[in-house]
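One structure is given here, and the rest of the page talks about it.
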Amino acid sequence: MFSLIIPVYNEEFLIEELAARSVRALESFTPNYEILFINDGSTDSTLQKLVEVRKRFSRIKIVDLSKNFGHQAAFTAGLEMSLGNYVAMMDGDLQDPPELLAEMYHKIKDGEYDIVSGKRMGRKGKRLRLTTNLFHAFFKKVSGLDEIENTGNFSMMNRAAVNALVQMKETIRYLPGLRSFIGFSQGYVEYIREERLEGEPKMTLGKLMVLAADAIFSFSKFPIKVCLFLGTLGTIVFMFAGIYVLIAKIFGFALIGWSSTVLSIYFLGSIQLIFLGVVGEYVYRIYKESQNRPIYLVKKFYDAETE
Ligand code: UDP
Ligand code: MG
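Each number in this note's numbering corresponds to the 1-based position in the sequence shown with 29 added.
See the structure below:
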């Protein structure tokens, strides 16, 4: 059995073509597959469209989540509910071409790799290209994870790797990072990322920034290191400044130092606020994890047994 996981959030115009292309792509290399569409709380007619295509393609299953949990949670739902010995994750906007699944499958089936990810060698369209590349380069550096640069969710894993991945129970999740963290032997197929076929990106800039912050906070000590570095630097600078102030006082050439006083108060005050913010971010994350809520909730699962 082969499983393909596709999260969709308000993609009503895409479902038809997405389903047809995915079925065609999968049937080119295996007769025994399931496609798990995860409806991530869509507010348009995505669910109806899915139910419709399911009448035509009986190997499609729908996991209808109870609300919008975000695409990392949606992928997680798919991973946990998948039955395949091989499982693929793919975005639902056809930016990740389903036709590439065959190539991934042949690579992984030989047994040389446990995980094969799609490596973006460029992309059509300009949106966020620079910021995305910068993020990946930066994240690779601060996280110390190797297999991450320019890979996203698009990937295929064998059962052993999926089982390892679903053991990661953290609430705040960055799957490309986790996928690298679990080890196993990792391979690539290279591809050019397509333009989104239709509609606006459902990962808004805000959501992308939250995702980037999640990645950095969960996989690196970078924010703490910056605080420590600035704190240390500040201490050294102000130690010398302090000595100067004392000497000036002793030898009587101390000036009425309004500007310097005000500036150091501003400077130290803002640094402390930033540090408090960083500490707050960690406290928030600890709180989130300690609540230990489920990552997603299923409203209805449409598979063979439910009808
Ligand atoms: N998506 C989702 N939940 C969300 C946001 C997005 O399931 O809250 C889905 C979306 O429908 C798409 C995939 O995740 O299939 C990737 O989203 P998008 O194309 O907006 O992201 P980007 O291409 O910017 O990574
Ligand atoms: Mg997209």
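Yeah, the Cβ is synthetic: ideal placement off N, Cα and C, and Gly gets one too.
Q. In or out: residue 66 buried (at least 16 other Cβ within 10 Å) or exposed?
A. By the neighbour-count rule (16 or more Cβ atoms within 10 Å), residue 66 is buried.
Q: Count the CB pairs spanning the stretch 182 to 197 and the stretch 115 to 126 that are closer than 8 angstroms, and state whether there are at least three.
A: yes
Q. Can you check whether the CB of residue 151 is closer than 9 angstroms to the CB of residue 89?
A. no
Q: Under 7 angstroms Cβ to Cβ from residue 259, same chain only, skipping five residues before and after it: list those, please.
A: 300
Q | residue 257 versus residue 249: straight-line alpha-carbon distance, rounded | A | Cα to Cα, the separation comes out at about 14 angstroms.
Q) Should residue 11 go down as buried or exposed, given a rule of 16 or more other Cβ atoms within 10 Å for buried? A) The requested residue 11 does not occur in the structure, where the chain is confined to residues 30 to 336.
Q: Give a yes or no on whether the C-beta atoms belonging to residue 183 and residue 147 are separated by under 9 angstroms.
A: yes
Q. Comparing the CB of residue 101 with every heavy atom of the ligand MG, is any distance shorter than 8 angstroms?
A. no
Q.
Closest to residue 212 by C-alpha separation, out of 287, 241, 139, 144, would be which residue?
A. 144
Q | Classification of residue 165 by the beta-carbon crowding that lies within 10 angstroms, buried from 16 upward | A | buried
Q) Of all the beta strand (DSSP E) runs that stay within the bounds of the stretch 172 to 213, which reach a length of 3 or more residues? A) 180 to 187
Q: Excluding the 5 residues preceding and the 5 following residue 365 in the sequence, name in chain order all residues of the same chain whose CB lies nearer than 6 angstroms to its CB.
A: The chain is shown from 30 up to 336; residue 365 falls before or after that span and cannot be answered.
Q | Length of the line joining the Cα atoms of residue 205 and residue 266 | A | 40 angstroms
Q | Three-state class that DSSP yields for residue 240 in the structure shown | A | Looking at residue 240 - three-state DSSP - the assignment turns out to be helix.
Q) Across which residues does DSSP place residue 33 in a beta bridge pair? A) 64, 117
(Q) Contact defined as beta carbons within less than 8 angstroms: I believe residue 136 pairs with residue 216. What is the distance between those atoms, to the nearest angstrom? (A) The pair is a contact, with the Cβ atoms about 6 angstroms apart (cut-off 8 angstroms).
Q: Check the DSSP bridge columns for residue 280 and list the partner residues they point to.
A: DSSP output for residue 280 lists no bridge partner at all.
Q | Exposed unless 16 or more other CB atoms sit within 10 angstroms - verdict on residue 180 | A | buried
Q) Relative to the alpha-carbon of residue 44, which residue among 227, 175, 149, 319 has its alpha-carbon at the smallest distance? A) 227
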